[in-house]
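The sequence shown begins at 4 in our numbering and counts up one residue at a time.
Just so you know, even glycine gets a beta-carbon here, dropped at the ideal spot from N, CA and C.
Just so it is clear, the structure is predicted and the values come from calculations on it, not from any experiment.
Here the structure comes first, spelled out in structure tokens, and everything after it is commentary.
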Amino acid sequence: MSEELENKENPDEVGKDQEPKEDGANPDFMGTPSAQDLETIKAELEAERATLAEAQATLAGKNDSIAKLEAHIAGLQQGFDEKAAVLTQLREAHVQAVAKYLEAVRSANTALPADVITGDTIEGIDASVAQAQAIAGAVRETLADEAKKGRVPAGAPTRVLNLDGLTPREKIALGLQQQKGGNA
4 MSEELENKEN PDEVGKDQEP KEDGANPDFM GTPSAQDLET IKAELEAERA TLAEAQATLA
64 GKNDSIAKLE AHIAGLQQGF DEKAAVLTQL REAHVQAVAK YLEAVRSANT ALPADVITGD
124 TIEGIDASVA QAQAIAGAVR ETLADEAKKG RVPAGAPTRV LNLDGLTPRE KIALGLQQQK
184 GGNA
């Protein structure tokens, strides 16, 4: 191919090594192309134009598809943004509802210390109430057991004071106190 270009650049050397074709057409010759060459070139040009038109149509179709997809993506993004805003509002409402529930549970369980009823979720608050109630129940049982140990059974004889170790002055003070209604 480079020899052909060199031959075209150097018109004196054109045709020295080449024999002219029988139909009179010489592709390396700078003269007028033959009718057959023109028809071949026209056919190639038409094929290239058809290919170009097909490529342009495909490109236009792809551009339309891209535009539709971009519009769809924009719609999805807008929907996503709206859903994110709703989700944020719902989270805030949830936090407020849990705080109100915590206060209501503390108010309903005044027998339990308020600082032991805690939680960030309804389940957590309920669990802390159950735990506090279990602890309070255990404390009540322990106190009830201790109270039973200190009780005097009904019908037991009254205690008699041993006055042997008291001085006469202490005995008089004790008598006066019993008359006033005090216990010894």
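Helix, strand or coil at residue i according to DSSP, with G and I counted as helix
i              : result
serine 110     : helix
asparagine 165 : coil
glycine 78     : helix
isoleucine 44  : helix
serine 68      : helix
threonine 61   : helix
threonine 91   : helix
leucine 55     : helix
leucine 105    : helix
Extent of the continuous alpha helix (DSSP H) to which residue i belongs
i              : result
isoleucine 175 : 171-182
alanine 137    : 125-153
Outcome for residue i when other beta-carbon atoms lying within 10 angstroms are tallied against a minimum of 16
i              : result
leucine 105    : buried
isoleucine 128 : buried
valine 142     : exposed
valine 132     : buried
Short Cβ contact (7 Å threshold) for residue i with residue j
i           : j            : result
valine 119  : alanine 139  : no
lysine 174  : leucine 164  : no
alanine 117 : arginine 109 : yes
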